[in-house]
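These notes concern the structure reproduced below.
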Amino acid sequence: MKFTQYEAEGISGFVKNSPLMSWAYSVMSVRGFSTALGVVEIIIALLLALRPFSARAAALGSLLAIGMFLTTLSFLLTTPGIWEESLGGFPALSVAPGQFVLKDFVLLGASVWCLADACQACCSNEPVA
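Written out as structure tokens, the structure reads:
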């Protein structure tokens, strides 16, 4: 989806309000950033998929995924409208954009698990490329 205009516009509110990512729009367009992000996500996925062949590649992919999901979870602090004011704000999340970010807690946990698995393989007698 990151390669579509629809998704590029959909994530622009998160990116432009993020102190970690808003700089990107000064060097590339909304669509260009979304496309670059899509490429990065595919690279991370490929590194993770290499786990049967290279635990080191999977560890790198896991570290990159952890960084990505920590960055997207920071949107909970920086994006206007995340907390549902009609319910008293924090911890009540709005449907959009708030609940959109929730999946990243699970993905962060999976990334940490993948990192632990890859590191264990690197430190054991398991063959690693």
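Every letter in the sequence shown is one number past the one before it in our numbering, and letter 20, counting from 1, is 20. Each residue gets a CB set at the ideal place from its N, CA and C atoms; glycine is no exception. Everything numeric in this text was worked out from a predicted model, so none of it was measured.
Residue of the options minimising C-alpha distance to residue i
i	options	result
Ser111	Ala92, Thr79, Ile44	Ile44
Ala36	Ala58, Ala8, Leu108	Ala8
Trp113	Leu60, Phe14, Met1, Ser34	Leu60
Gly32	Ala49, Ser12, Leu46, Leu64	Ser12
Val106	Ala118, Thr72, Ala57	Thr72
Asp104	Gly67, Glu84, Ser86, Phe90	Gly67
Gln99	Leu87, Gly88, Trp83	Trp83
Arg51	Tyr25, Ser62, Ser74	Ser62
For residue i, the residue or residues it bridges with in DSSP
i	result
Leu93	Trp83
Beta-carbon proximity of residue i to residue j, cut-off 7 Å
i	j	result
Leu115	Phe69	no
Ala55	Cys122	yes
Ala49	Ala118	no
Ser29	Lys2	no
Those runs of the alpha helix (DSSP H) which lie wholly inside the region 14-50 and span at least 4 residues: 24-27, 30-49
Three or more C-beta pairs below 8 Å linking the region 69-87 and the region 16-25: By the C-beta criterion, the region 69-87 is judged to be in contact with the region 16-25, since at least 3 inter-stretch pairs fall below 8 Å.
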